[in-house]
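Notes follow once the structure below has been shown.
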Amino acid sequence: MTTSASLRDYYVLEARHMPRRAPMAAAIVGAAAVLGTHALLVRLPERVIRFLEQAFDIRGMAAVLLVNDLLASYFAAFFVGLAGLLGALVAAREEGRLELLLAKPIPAHVVLAARVVPILGAAAASGAAVSIVTAIALVPHLVPGDMISFAGALGAGLFLTAYALLLLALLLPLLVRMRDTFHALLVGAVVWLVPVLPSAVLIYRPDVYENHTTLRSTIAMPTLLWHDATSAWLGPLSLVVVIPLCVLFVRLAGRVLERSDTR
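So in the working numbering, spot 153 of the sequence shown is number 158, and the numbers just go up one at a time.
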């Protein structure tokens with residue numbers, strides 16, 4: 006029978022052993038990618054900038070920079086989380102380490118929560134860090150009358166960070182049953198890619214959205230720029246709302262793990 010004190014100690018132990026270099030490296034690389042993209046885009050020919058403005062229905066250099074920066078927060082948060090979850094769950098199960106943990110007198114859902122919650126927290130921190138850098142880096146390019154603002158840019162990044170966390174949480178019930186790291190990585194990559202595809206359609210097949218403006222405003226990432234004032238409050242709110250959703254799916258995945266044949 007485990008006591009609350011011993012369970013608390015176990016949570017602390019798992020948090021201490023969580024890899025920290027990957028989240029920090031992802032945040033640094035993401036921030037560097039944002040700054041590098043800015044340095045490159047401002048040097049592109051005017052016709053390229055006009056093409057991007059037309060393709061994404063935006064205007065101004067700041068908006069062009071932000072529409073290219075959106076993926077940075079989303080990528081950092083999602084793949085930091087996915088890498089952590091693969092190591093803590095799928096690879097651990099593949100190598101037999103998860104069975105050893107579950108053989109101890111600790112409920113399976115507690116083992117899962119202790120391993121997963123710090124990873125999701127690190128993913129959120131990485132995405133938020135890249136979002137902050139993105140918003141700050143846009144300030145020199147903002148001019149009066151721009152369609153975006155500092156608050157809107159920050160909110161857009163935070164929204165995509167929250168969205169990445171939600172996708173990771175949705176993957177949990179599946180990941181606890183998987184035994185092949187490569188297959189799990191493939192599934193995760195597909196899940197990450199699907200929300201990006203509607204934005205790619207804006208460039209290659211804009212006619213798909215003809216007479217479907219509501220659909221375009223719902224599923225295409227540039228909508229975060231088109232509705233800048235909404236993004237300013239939606240991003241922080243999304244990070245708050247996603248917390249109970251993550252808790253819900255962690256509990257669901259814990260039940261799946263308890264009912265699996267791992268033990």
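By construction, the Cβ of each residue, glycine as well, lies at the ideal position given by its N, Cα and C atoms.
Is the beta carbon of Gly65 sitting closer than 8 angstroms to the one on Met152?
On the sequence shown, position 60 is the one that residue 65 refers to. On the sequence shown, position 147 is the one that residue 152 refers to. Cβ distance < 8 angstroms, so Gly65 and Met152 count as in contact.
Quiz item: Between the region 91-98 and the region 175-188, do at least 3 Cβ pairs fall closer than 8 angstroms?
Solution: yes
Exercise. If you run the structure through DSSP and keep just helix, strand and coil, what is Asn73?
Worked result: Counting from 1 along the sequence shown, the entry for residue 73 is found at position 68. If DSSP states are grouped into helix, strand and coil, Asn73 belongs with the helices.
In this structure, does DSSP put Ser131 in helix, strand or coil? Stepping through the sequence shown from its first residue, residue 131 is reached at position 126. Three-state result, Ser131: helix.
Check: Excluding five sequence neighbours on each side, which residues of the same chain lie with their C-beta closer than 7 angstroms to the C-beta of Cys251?
Finding: The residue given as residue 251 occupies position 246 in the sequence shown. Excluding sequence neighbours, Cys251 sits near Leu125, Leu170 and Ala174.
- From the DSSP output, in three-state form, read off Asp212 for me. Here residue 212 corresponds to residue number 207 of the sequence shown, with the count starting at 1. In this structure, Asp212 counts as helix in the three-state DSSP scheme.
TODO: Below 8 angstroms on the Cβ atoms is my guess for Ala81 versus Ser131; work out the distance and round it to an integer in Å.
DONE: As a working mapping, residue 81 is identified with position 76 in the sequence shown. As a working mapping, residue 131 is identified with position 126 in the sequence shown. Right, the Cβ-Cβ distance comes to about 5 angstroms (below 8 angstroms), so this counts as a contact.
Exercise. Given a cut-off of 8 angstroms, decide if Arg256 and His114 are closer than it, judged by their beta-carbon atoms.
Key: Residue 114 sits at position 109 when you count from the first residue of the sequence shown. Residue 256 sits at position 251 when you count from the first residue of the sequence shown. In contact: His114 and Arg256 (Cβ atoms closer than 8 angstroms).
Compare the C-alpha of Leu75 against each of Asp212, Pro149 and Ala225 and name the closest.
Taking the sequence shown and counting its residues from 1, the one referred to as residue 75 is at position 70. Out of Asp212, Pro149 and Ala225, Ala225 has the C-alpha closest to the C-alpha of Leu75.
Q: Could you check which residue in Ala134, Glu215 and Leu90 has the C-alpha nearest to that of Val116?
A: As a first step, residue 116 must be located in the sequence shown, where it is residue number 111. The residue with the shortest Cα to Cα distance from Val116 is Leu90.
Original post:
Under 8 angstroms, do Phe61 and Leu207 count as touching if we go by C-beta distance?
Top reply: Start at 1 with the first residue of the sequence shown, and residue 61 comes out as number 56. Start at 1 with the first residue of the sequence shown, and residue 207 comes out as number 202. Yes, the pair counts as a contact, with Cβ atoms nearer than the cut-off.
Run the CB neighbour count on Arg268, radius 10 Å, all protein chains shown included, and call it buried at 16 or more, exposed below. To locate residue 268, count along the sequence shown from 1; it is residue 263. The pLDDT assigned to Arg268 is 46, lower than 50, so where the model puts this residue is not dependable, and the model offers no usable value.
**Study point:** Met6 versus Ile111 - alpha carbon distance
**Key:** Your numbering for residue 6 matches position 1 in the sequence shown. Your numbering for residue 111 matches position 106 in the sequence shown. Summary for Met6: the model assigns pLDDT 47, below 50, so the residue's position carries little reliability; its value from the coordinates is reported in the next sentence. When rounded, the distance between both Cα atoms is 8 angstroms.
Let me confirm a value: Tyr209 is counted as buried when at least 16 other C-beta atoms fall within 10 Å, else exposed. Which label applies? Your numbering for residue 209 matches position 204 in the sequence shown. So Tyr209 counts as exposed.
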